[in-house]
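Participant: Protein chains in written order, with the working numbering: chain R, -19 to 248; chain Y, 2 to 345.
Where a beta carbon is used, it is the ideal one built from N, C-alpha and C, also for glycine.
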Amino acid sequence: MTSSAQLCGAEGQHHPMLSFHGLTKQYTDGVKALDGVTFDVPRGEFCVILGPSGSGKSTLLRTLNGLTSLSSGCIAVDGVELKPKSLRSVQRRVAMVHQQFNLVERLDVAQNVMSGTVADAAFWRVLLKWYPKSLRERACDLIARVGLDELHLTRRMGELSGGQQQRVGIARAFLLDPDVILADEPVASLDPATSRDVLTLLRDAARERGTTVLCSLHQLDLALDFADRIIAMRSGSIIFDGRPDALDRSTVASIYEGSGLEQSRVAA
Amino acid sequence: MDMSNPPRPSLERRREINWHLPAPYTWRTLVLLIAVAGLLLVSARRVDIDKFLALSAEAIAAQLGLRESSQVGRGLARIGKDLFPITLSYRTDVSRVADFDEAKLPWLAYVETVEHREYRMNPDTTKLEETVSPKKVMVEPLGYLTLTVGKMIETIEIAIWATILAVLLSIPLAYLGAANYTPNRAIYAIARGTVSLLRAIPELISALFLVLAFGFGPVAGFLALGLHGAGFLGKFYAEDIEAADKKPQDALRALGASKVRVLRLAVLPQVMPSYIAYTLYILDRNVRMATVIGLVGAGGIGQELKGRYDLFEYGNVGTILVVIFVTVFVLDQISARLRARLIA
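(1) Starting from Asn82 of chain R, follow the beta strand (DSSP E) in both directions and report where the run begins and ends.
(2) Should Asp251 of chain Y be flagged as near chain R, meaning a C-beta pair shorter than 8 Å?
(3) Is it true that the CB of Ala239 of chain Y sits closer than 8 Å to the CB of Ala179 of chain Y?
(4) Need the endpoints of the alpha helix (DSSP H) that Leu31 of chain Y sits in, please.
(5) Below 8 Å, how does it come out for the segment 141 to 151 of chain R and the segment 160 to 172 of chain R: are there three or more Cβ pairs, yes or no?
(6) In three-state DSSP terms, what is Glu61 of chain R?
(7) Kindly confirm or deny that the segment 225 to 242 of chain Y and the segment 78 to 93 of chain R touch, where touching means at least three C-beta pairs closer than 8 Å.
(8) Per the contact definition of three or more C-beta pairs closer than 8 Å, is the segment 84 to 103 of chain Y in contact with the segment 316 to 331 of chain Y?
(9) Determine the contact status of Ala245 of chain Y and Val261 of chain Y, defining contact as a CB-CB distance below 8 Å.
(10) Against chain Y, with Cβ distances strictly below 8 Å, would Ala99 of chain R count as a contact?
(11) Determine, using beta carbons only, whether Ala75 of chain R comes closer than 8 Å to chain Y.
(12) How many Å lie between Gly295 of chain Y and Arg136 of chain R at the Cα?
(13) Strictly under 8 Å for the Cβ-Cβ distance: is Pro270 of chain Y near chain R by that measure?
(14) Buried or exposed: which applies to Tyr279 of chain Y, given that a residue is buried once 16 or more other Cβ atoms fall within 10 Å of its Cβ?
(15) What is the DSSP secondary structure of Asp221 of chain R, reduced to helix, strand or coil?
(16) Looking at the C-beta of Lys248 of chain Y, does it have a partner C-beta in chain R at a distance below 8 Å?
(17) In whole angstroms, what separates the C-alpha of Val168 of chain Y from that of Asp285 of chain Y?
(18) Spatial neighbours of Pro124 of chain Y within its chain, please: C-beta separation below 8 Å, excluding the five flanking residues on both sides.
(19) With distances taken from CA atoms, which of Y:Asp51, Y:Val73 and Y:Val48 is nearest Ala60 of chain Y?
(20) Answer yes or no: do Cys54 of chain R and Ile211 of chain R have a C-beta to C-beta separation smaller than 8 Å?
(21) For a minimum of 3 consecutive residues, which ranges assigned as the beta strand (DSSP E) are wholly contained in the segment 145 to 174 of chain R?
(22) Which of helix, strand or coil does DSSP assign to Gly194 of chain Y?
(23) Can you say whether Arg79 of chain Y is buried or exposed, counting buried as having 16 or more other CB atoms within 10 angstroms of its CB?
(24) What is the C-beta distance between Leu162 of chain R and Leu194 of chain R, in whole angstroms, given that I count them as a contact (C-beta under 8 Å)?
(25) Val133 of chain Y to Arg97 of chain Y, Cα distance in whole Å?
(26) Between the segment 191 to 202 of chain Y and the segment 300 to 307 of chain Y, can you find at least three pairs of beta-carbon atoms closer than 8 Å?
(27) Report the three-state DSSP secondary structure of Asn287 of chain Y (helix, strand or coil).
(28) Give the DSSP bridge partners of Pro135 of chain Y, in chain order.
(29) Note down the Cα distance separating Val70 of chain R from Ser35 of chain R, rounded to an integer number of angstroms.
(30) So which of R:Pro(-4), R:Leu140 and R:Asp225 has the shortest CA-CA distance to Asp88 of chain R?
(31) Checking 8 Å against the spacing of the C-beta atoms, do Ala56 of chain R and Leu256 of chain Y come in under that value?
(32) List the residues of chain Y whose Cβ lies closer than 8 Å to the Cβ of Glu85 of chain R, in chain order.
(33) Identify each residue in the segment 115 to 136 of chain R for which the Cβ-Cβ distance to at least one residue of chain Y is less than 8 Å, and report them in chain order.
(34) Helix, strand or coil for Leu343 of chain Y per DSSP?
(35) Is Gly138 of chain R helix, strand or coil by DSSP?
(36) Quick one: is Ala267 of chain Y near chain R, going by C-beta distance under 8 Å?
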């Protein structure tokens, strides 16, 4: 039997941006959130993980930056296998956009975006929240890029709408120019129109920079419209992997079967 | 039967659902209430609540003219008579002022000649005789008030330094005593234990011992208050760290940030308003406690109060009490405004 390290390591010269091999995650309460998940994501792809609640989407994303540990299997980012030793360096290349935005309520927009450098900046800079000019300028550029204006810089999170907050979350994710962005249900708490705006922003910003995006979604229509590729999951396993136009009705039905979302989603 | 008219769901039909909706109170609640009331009655006897009621009733009756006088009324009247008028001036025997020069008196001061009465034994008759001699006294009209205010400022300084000490000590204690940031269980237990211990020792008791260690004066006072405050702040700071919203912390952890950095950027902004509130409360409390702590010799206005009280100089005690009252009142207003300003 080949060791997982060999499977995850260099597969020739051209390794994919992300490589997952045989991921299994069993929580202490016995729930199996991931069950032998294996796939690669090439550089620059906008890859959507589709599935109902509890299908293991979040767990999959969180294994990549160490928020959740794996029971077995391995992950490689740009050919570097994820190990406790390499975790820090991987975390700096992988940014995350969260479902609940996970911004600091009592910090303003600029400070929230600049907090993306928390692991990189000198400690005294973090302590005083005093970042170098280049970073401040970059934060401003990003805040402008995500569609906010100068007036928003010193606004606190609580004063912004959900859509604006997620824009800030996206700006924070892009701050250190990551190779990969993990978006965990980035639009789940937004209304449908705002969801499209935010996903468009995320996809376009990623394309401009060649950033690979791994985005979990539970809305089929959004997945079909935005994904370069859809990976559908159910009960911790992949049940479909391909281009959006290859996704047929019966597959969709099986994704949401018995999940209560069945009718509404298939009808959509 | 008319099929186009489906049977309406009636109340009768609902009875088929055999749910049990528990009553908000049961007989157990009643038993518990009776038991608590019984215990309170027993306890009331022990703390002389009955005596308090009897004396208060007597005082009210005296006020209404139903009784000639009351014990409480007499007591209060005596306090009033002793404390007021308060002593604002400072009188010094001229003969006791070093290098006294009537042309160079301190500001506002004047010299008063008083009759000095003295009983002396006449060696011829071996009887006490009253002799009257004129005596010059230097009077500084606001001398004692100035001295008291100076002591009050010293008291506030003790309180401020005690608060600074409390904050400095409690920051590491809070970090080590927050379950989700502590390096390990043992350090957590030690930190929480220290915090409990610091809080468990009353300031007045620790001041008593610190006076033995550091001598009379403000050092013992500010240490006693600071240590107690650290016990309070350490506990509340730590609990706020534990209760802070986890989502922003997750986000920064995902970027590979160390615990201290996450604490700084994701936790501190969240807990800052309540930290300011706790700290201002401790400052407020320290000012009040610093006035008391002087009673055991730990500096500040309390030491002056104790001295005057022991000399039966109740007029001076009155001045001190008025100054304390005014100070606490003014500081209350200031801290309320500060709070409103800082917690925005």
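Facilitator: In this structure, then:
(1) Premise fails: Asn82 of chain R is in no beta strand (DSSP E) and is neither H nor E.
(2) yes
(3) yes
(4) Trp28 to Arg47
(5) yes
(6) strand
(7) no
(8) yes
(9) no
(10) yes
(11) yes
(12) 46 Å
(13) yes
(14) buried
(15) strand
(16) yes
(17) 14 Å
(18) none
(19) Y:Val73
(20) no
(21) 160 to 164
(22) helix
(23) exposed
(24) 5 Å
(25) 19 Å
(26) no
(27) helix
(28) Y:Glu116
(29) 25 Å
(30) R:Leu140
(31) no
(32) Asp246, Pro249, Pro270 and Gln271
(33) none
(34) helix
(35) helix
(36) yes
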